[in-house]
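From first to last, the protein sequence lines are chains A and B.
Each step along the first sequence adds one to the number in the numbering used here, with nothing skipped, and position 47 is 27.
Each step along the second sequence adds one to the number in the numbering used here, with nothing skipped, and position 416 is 595.
Just so you know, even glycine gets a beta-carbon here, dropped at the ideal spot from N, CA and C.
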Amino acid sequence: MKTKPMKTIADLKIGERGVIVNFTDQGLSLKLLEMGCLPGTQVTMTHIAPFGDPIAVKVSGYVLSMRLNEASTIVVA
Amino acid sequence: MKKSPKIALIGNPNAGKSSLFNSLTGLRQKTGNFPGVTMDKLIGKWKLETGDEAEILDLPGIYSIYPKSMDEQVVINILANPKHPDYPDLAIVVADASNLKRNLLLFSQVRDLGIPTVLALNMIDVAENQGVVINSVKLARELNVEIAEVNAKKGIGLNGLRLAVNKTLASGYNSNDSLPMSYSKELVEEIKEKYGDTDDYHALLWLSEHDNLRQFNTQQRVGFDALQEKYGWITQEAQSKETMARYAQLNEIVDNCLHEMPVEEEPVNTWTDRLDKIFLHRFWGYFIFLGILFIVFQAIFTWATYPMDLIDGGIASLNEFLKTQLPDSKLTDLLTDGLISGIGGVLIFIPQIAFLFLFISLLEETGYMSRVMFIMDKLMRRFGLSGKSVVPLISSIACAVPAIMSTRSISSWKDRLITIMVTPLMSCSARLPIYTVLIALVVPETSSLFGIFNLQGVALFALYLLGFFVALFSAWIMKLLLKVQERSYFIMELPSYKGPRFSHVAITILNSTKAFVFEAGKIIVAISIVLWVLASYGPGDAIEQAEIKVKAENPTLSGIELDNKIASQKLENSYAGVFGKVIEPAIKPLGYDWKIGIALITSFAAREVFVGTMSTIYSLGGEVDDENSTVMNRMRAEINPATGKPMYDTALGFSLLIFYAFAMQCMSTLAVTYRETKSWKYPAIQLFYMTGLAYISAFIVYQVLK
Ligand SMILES: Nc1nc2c(ncn2[C@@H]2O[C@H](COP(=O)(O)OP(=O)(O)OP(=O)(O)O)[C@@H](O)[C@H]2O)c(=O)[nH]1
Ligand SMILES: [Mg+2]
Chain A
-19 MKTKPMKTIA DLKIGERGVI VNFTDQGLSL KLLEMGCLPG TQVTMTHIAP
31 FGDPIAVKVS GYVLSMRLNE ASTIVVA
Chain B
180 MKKSPKIALI GNPNAGKSSL FNSLTGLRQK TGNFPGVTMD KLIGKWKLET
230 GDEAEILDLP GIYSIYPKSM DEQVVINILA NPKHPDYPDL AIVVADASNL
280 KRNLLLFSQV RDLGIPTVLA LNMIDVAENQ GVVINSVKLA RELNVEIAEV
330 NAKKGIGLNG LRLAVNKTLA SGYNSNDSLP MSYSKELVEE IKEKYGDTDD
380 YHALLWLSEH DNLRQFNTQQ RVGFDALQEK YGWITQEAQS KETMARYAQL
430 NEIVDNCLHE MPVEEEPVNT WTDRLDKIFL HRFWGYFIFL GILFIVFQAI
480 FTWATYPMDL IDGGIASLNE FLKTQLPDSK LTDLLTDGLI SGIGGVLIFI
530 PQIAFLFLFI SLLEETGYMS RVMFIMDKLM RRFGLSGKSV VPLISSIACA
580 VPAIMSTRSI SSWKDRLITI MVTPLMSCSA RLPIYTVLIA LVVPETSSLF
630 GIFNLQGVAL FALYLLGFFV ALFSAWIMKL LLKVQERSYF IMELPSYKGP
680 RFSHVAITIL NSTKAFVFEA GKIIVAISIV LWVLASYGPG DAIEQAEIKV
730 KAENPTLSGI ELDNKIASQK LENSYAGVFG KVIEPAIKPL GYDWKIGIAL
780 ITSFAAREVF VGTMSTIYSL GGEVDDENST VMNRMRAEIN PATGKPMYDT
830 ALGFSLLIFY AFAMQCMSTL AVTYRETKSW KYPAIQLFYM TGLAYISAFI
880 VYQVLK
């Protein structure tokens, strides 16, 4: 069974927006939830560090940084 | 109501708790514009409306009552345990108004723990800049809590806060809402039965966090595990559900009380956005950071020279003056050669150290520190560190002791341990005097790089970079050795830039410099006296014999020359000289003689005594005329008896520089490493690997340059 790969925050380009759908890593999701990354929230990619990692997104009015592998656990639409 | 209630400041990292603490108590707890400044609790006093004095407790920041790192556990261990001596009678939840919803999550949890709570809305100015206006009257009604609008930094709104605290203390616990999530009543009852009566939320907190709570012993923890099993409790899931349920409630409340000025689609371009475009640039980001560092070290070497020369001259003339005025006695020598030389060795570096503190404090207060963490994370990770290691590494430019404490915010134990192990390799302020003296000896003052940069400043910068790269390299080796696979993450807030308050910065510099001088001063005075005694007395009559011997061997000499010969013979035969001679064979390959050997011995416990020791040794080792009276000049005039050339040539100078850059010569650092790792193994490893590294590198440098 092959499904279309899900789009995650890691796939966003600078300035691009997405709405959080769900998380693929339960271990990280609590921390992300606490930081205000809730399903249904809009995120905007704002910065990509030199060498492409980590990244920073704007979410619920503030800037949150995370690594690419963390960003790729957040599915967006 | 209790006479002296305990009030805890609880809030998200960087919400302004420590700033509020300072405003309330008049104390000077360290603040900074990045998450994770405060690492341990601190208590102060605050006068209440009733005239009673409350105990105010400043704590590390937390995002929720479920801890992810060591600093957060400090707070949870207090909040989870009503029998804890610091368990608060009231909590002031300090909330960052520019990020209200996330801050209220914690508020709702703290309140559900049954602690009377006041909400202090801070950073309203920041929120307004972002176009956010909060109706705090409405918010207070919806949340059923006393709210005080404050500006923690400027100390505005403290009276309102006092009123709110007073009301809440008088009325007691101010909520009887039920918990927002569903849970098994049966399970909670069983917990209460086994572990003591409490409210439901505490019971659930114990159940999920028992492994992090010191109030429970192993047996009790096993009991909790069994309960989890029995009721099919999955902590992760329960906590996620709870968080979502809380946000669902808060969403509605916040939407009702918060007005965003601009329409959603057109976000305001704040200063922070604009600055971040530059500082976080994929390419220029690094250059700007390096450029800033470079300028700082240039400044340290060029601008600080003027006040340093003044202080140096002042101390030299004071010594001369005392020598001419006081009777010629051993006591006078102790005062001038021992004490004043030693203390002067530290005093002249005040301008440079103040500069260093200014730089670090600007880095911390403006918010740039978080940006450095952001751009460095990828690089650091390759070497087994994390972006969060940047804070300890940079703050250890001032001192490794608080730097090692600041590793508590690193959630992964492996990352944290490696950071602790390599942090002391960064050049701390105690090394600055050593670097300055030695660089001045081996790098010509007049030469410059490309005609603009002071070459001595470049050399200093290079030494700091060397420390950093060797720290990275050592981290990489440890990463290979430590086989732990542990998840680490870098989910971190990048706070908005904030202008530093210059009065704050000034006071910070003043206090840190004062602390440095007094801390170093105490050690230096103690060691100077001991050293002076050891250098003035010798085993048996060796000292007297030295004088007779010199006179017999050099019958033609007289005056200053004879005095110098006698003095240096005396020193060689003193206890200090004997010790130096004992280790001389071991350090000869590095180019050091027994005099440097004495300095190595004295700086074993604290490297800041190096310069003082040098000046004591060289002033005891010979009479000096006015011109030679500073340490640097005395060292410059020292002749190597074997070659007849100046002792401090390039090879010896660099060998010493490298040795002091890498060697572990600081008891306090070893002690704090022990405290933070709870094992003697790690300070022991630190001592051996760093000193070994120092020895080998100094050996190579000397042999190559010789
Ligand atoms: N503009 C503005 N800045 C503030 C205000 N209150 C505090 N600050 C700044 O916010 C930053 C964080 O303040 P701290 O008091 O260190 O925050 P904290 O909550 O103790 O942070 P941690 O110890 O990391 O948990 C500092 O740079 C303060 O100067 C305020 O009301 N307005
Ligand atoms: Mg603080």
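A distance of 9 Å or more separates the beta carbons of A:L48 and B:S419.
The three-state secondary structure of A:Y42, taken from DSSP, is strand. In this structure, DSSP gives B:K730 a helical state, which the three-state scheme calls helix.
Here the region 289 to 305 of chain B makes contact with the region 313 to 329 of chain B; the two share three or more CB pairs at distances below 8 Å. Neighbourhood of B:F783 in chain A, by CB distance below 7 Å: empty, with the nearest CB roughly 41 Å away. B:S350 and B:Y861 have their C-alpha atoms some 51 Å from each other. DSSP places A:R(-3) in the uninterrupted beta strand (DSSP E) bounded by -3 to 3. By DSSP's assignment, A:Q22 forms a beta bridge with A:V(-1). For B:T451, the distance from the CB to the nearest heavy atom of ligand 1 is not below 8 Å. Excluding five sequence positions before and after B:A699, the CB atoms of its chain that fall closer than 6 Å to its own CB belong to V525, E787, given in chain order.
DSSP places B:W450 in the helix class (H, G or I) of the three-state scheme.
Exclusion of the five residues before and after B:L645 leaves A840 as the residues of its chain whose Cβ lies within less than 7 Å of its Cβ. Contact between B:A638 and B:I618 holds: CB atoms are separated by about 5 Å, below the 8 Å threshold. Distance from the C-beta of B:S834 to the nearest heavy atom of ligand 2 is not below 8 Å. Within its own chain, the residues whose Cβ lies closer than 6 Å to the Cβ of B:L513, once the five positions on either side in sequence are excluded, are W711, listed in chain order. A:V43 has a beta carbon lying within less than 9 Å of a beta carbon in chain B. In this structure, B:D231 has its beta carbon at no less than 8 Å from each heavy atom of ligand 1. For B:W225, the enclosing beta strand (DSSP E) covers residues 221 to 226. For a cut-off of 8 Å, the C-beta gap from B:N396 to B:I255 is around 17 Å, too long to register as a contact. Distance from the C-beta of B:N338 to the nearest heavy atom of ligand 1 is not below 8 Å. Taking the Cβ of B:I186 as the reference point, every heavy atom of ligand 1 lies at 8 Å or farther away. The straight-line gap separating the alpha-carbon atoms of B:S574 and B:S682 is approximately 21 Å.
The continuous stretches of alpha helix (DSSP H) do not include B:I313, which lies in the beta strand (DSSP E) extending over residues 311 to 313.
Closest in alpha carbon position to B:I780, among B:K767, B:I762, B:Y797, is B:I762. Exposed is the label assigned to A:A57, since fewer than 16 other Cβ atoms lie within 10 Å of its Cβ. Within the DSSP bridge table, the entry for B:C845 names B:A785 as partners. At a cut-off of 3 residues, not a single continuous stretch assigned as beta strand (DSSP E) sits fully inside the region 484 to 521 of chain B. Under a criterion of Cβ atoms nearer than 8 Å, the residues of chain A adjacent to B:R666 are, in order, G7.
For the region 8 to 26 of chain A, the set of positions with a beta-carbon nearer than 7 Å to some beta-carbon of chain B reads L8, S9, L10, K11, L12, L13, E14, M15, G16, L18 in chain order. Look at B:Q208: its beta carbon is less than 8 Å from one of the heavy atoms in ligand 2. In the three-state reduction of the DSSP assignment, A:L13 falls in the helix class. Between B:T481 and B:K502, the gap from beta carbon to beta carbon reaches 9 Å or more. Under the three-state reduction of DSSP, B:N191 is assigned to coil, being neither helix nor strand. Distances from the alpha-carbon of B:L199 to those of B:A495, B:T598, B:I335 put B:I335 closest. According to the DSSP assignment, B:H438 belongs to the beta strand (DSSP E) that extends over 437 to 439. The C-beta of B:Y352 has fewer than 16 other C-beta atoms within 10 Å across all chains shown, which makes the residue exposed.
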